[in-house]
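Q: For the sequence shown, my numbering gives the first residue as 3, with consecutive numbering after it.
Glycine residues also receive a C-beta, built at the ideal position from the N, C-alpha and C atoms.
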Amino acid sequence: MYRTPLPVCVIPPPLRRSLALALSLIQMMDTQKEALCRIISTLANKNEELQSFLEAVDNTLTGLQEESLKVTTELEAELEHLSSTLEETGAALRDAIKEEKQRKEAGLQKQMAEGGAALLSCEELLEFANQTLTITNEEEFLKGNHGSGVPADNSSCGVGEHVAI
Numbered sequence: 003m004y005r006t007p008l009p010v011c012v013i014p015p016p017l018r019r020s021l022a023l024a025l026s027l028i029q030m031m032d033t034q035k036e037a038l039c040r041i042i043s044t045l046a047n048k049n050e051e052l053q054s055f056l057e058a059v060d061n062t063l064t065g066l067q068e069e070s071l072k073v074t075t076e077l078e079a080e081l082e083h084l085s086s087t088l089e090e091t092g093a094a095l096r097d098a099i100k101e102e103k104q105r106k107e108a109g110l111q112k113q114m115a116e117g118g119a120a121l122l123s124c125e126e127l128l129e130f131a132n133q134t135l136t137i138t139n140e141e142e143f144l145k146g147n148h149g150s151g152v153p154a155d156n157s158s159c160g161v162g163e164h165v166a167i
């Protein structure tokens with residue numbers, strides 16, 4: 003097949019300038035469209051990144067609130083347990099102190115009673131000894147503790163000493 007050459011078109015110069023200007027504007031618009039498409043693509047990516055970031059922050063905030071509530075609840079339970087344990091220990095210590103005080107008071111009361119009895123016995127022995135010193139007769143001196151009211155063993159001084167008469 004044989005081809006016929008295309009006819010050459012002659013464009014007048016003012017139209018040629020207008021066409022060149024239009025072509026230049028179209029090329030410039032295409033460049034701007036490409037730049038605008040890149041900007042739109044970048045903005046869309048940044049929008050997705052921001053949405054992901056906000057979701058992550060929201061999830062972190064929710065997790066923080068849940069964990070804070072859990073920890074606070076556990077702390078309150080532990081403080082309640084410690085408080086009741088402290089109260090129980092305090093009550094046990096108060097009871098132990100009260101029992102020890104009562105035991106010591108009873109011991110001191112016993113010592114007071116024994117000391118009083120020993121003092122009375124010693125006073126009686128002292129009186130007997132003083133009476134014995136006034137005896138001038140040897141026979142009376144040798145039978146001196148009969149009928150005096152002082153025990154013959156002389157052991158009631160309460161201090162572990164026996165006075166021989």
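What span of residues does the alpha helix (DSSP H) with C124 cover, start to end?
A: Per DSSP, C124 belongs to the alpha helix (DSSP H) from 15-135.
Q: Measuring straight from C-alpha to C-alpha, what distance separates E69 and E90?
A: Each residue's alpha carbon lies about 31 Å from the other.
Q: Could you check whether the Cβ of L25 sits closer than 7 Å to any heavy atom belonging to the ligand FAD?
A: Judged by which ligands are present, the structure shown has none, so any question about the ligand FAD falls away.
Q: How about L21 and I28: are their beta carbons less than 8 Å apart?
A: No, Cβ-Cβ distance for L21 and I28 is not below 8 Å.
Q: Where M31 and S54 are concerned, what is the direct C-alpha to C-alpha distance, given to the nearest angstrom?
A: Cα-Cα distance, rounded: 34 Å.
Q: For L71, collect the residues of the same chain with a Cβ closer than 8 Å to its Cβ; drop the 5 residues on either side in sequence, then sort them by chain order.
A: Same-chain partners within the cutoff: there are none.
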